[in-house]
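Student:
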Amino acid sequence: MKKIVFGMLAMVFLFGCSSSSVVEEARLLGTKQFTPKAWAEGNREQRAEMVFSFLSQHTAASLSAVEVRQLLGEPTGYYDYDENPAYIVGPDSVESPYGKGYLLAFVADKSNGRITDVKIIPEPR
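Numbered according to the UniProt record's numbering, the sequence shown terminates at residue 125, and the numbering increases by one at each position without gaps.
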């Protein structure tokens, strides 16, 4: 019985959380506390500093694309499909194929709108 409970907890942890590597990447951008109000009022650089806090509070598997938009507002970037909310955060000195700044992309399952992955492009260093 203990093995079953442990196995179930391990699965929830592995599949129910944002990729720990993305969360750790986000830590490199800063650790400013995320609130929807602070995000709405913040500029791109301030928003980048809140990504770690946001991802720590909200695991990818717990959100839908609609919920991401409710928390972060209308997307300011684009990642592959309209269903994937994406936001440009960080300074203009960072460049990617998506423009200046980091692209924070939430990959949504097209069939149900649930977030399946989170990406930061390029990877913060």
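For glycine and all other residues, C-beta sits at the position ideal for the given N, C-alpha and C.
Could you give the distance in angstroms between the alpha-carbon of residue 27 and the alpha-carbon of residue 124?
Tutor: Residue 27 and residue 124: Cα-Cα distance of roughly 9 Å.
Student: Buried or exposed: which applies to residue 102, given that a residue is buried once 16 or more other Cβ atoms fall within 10 Å of its Cβ?
Tutor: Classification of residue 102: buried, given that the 10 Å Cβ count is 16 or more.
Student: According to DSSP, is residue 1 part of a helix, a strand, or is it coil?
Tutor: Low local confidence applies: a pLDDT of 49 at residue 1 is under 50, so the model's placement there is unreliable, with the coordinate-based value given in what follows. The answer is coil: DSSP assigns residue 1 none of H, G, I, E or B.
Student: I need the boundaries of the beta strand (DSSP E) containing residue 119, first residue and last residue.
Tutor: Residue 119 -> beta strand (DSSP E) spans 115-121.
Student: Taking the Cβ atom as the reference point for each residue, do residue 85 and residue 75 lie within a distance shorter than 7 Å?
Tutor: Yes, the Cβ-Cβ distance between residue 85 and residue 75 is below 7 Å.
Student: Within the segment 39-95, note down every full alpha helix (DSSP H) run reaching 4 residues or more, in order along the chain.
Tutor: DSSP runs (the alpha helix (DSSP H)) wholly in the segment 39-95: 44-57, 65-72.
Student: Applying the criterion that 16 or more other CB atoms from any shown protein chain within 10 Å of the CB defines a buried residue, is residue 53 buried or exposed?
Tutor: By the neighbour-count rule (16 or more Cβ atoms within 10 Å), residue 53 is buried.
Student: Would you give the residue range spanned by the beta strand (DSSP E) that residue 102 belongs to?
Tutor: Taken as a continuous stretch (DSSP letters only), the beta strand (DSSP E) holding residue 102 covers 102-108.
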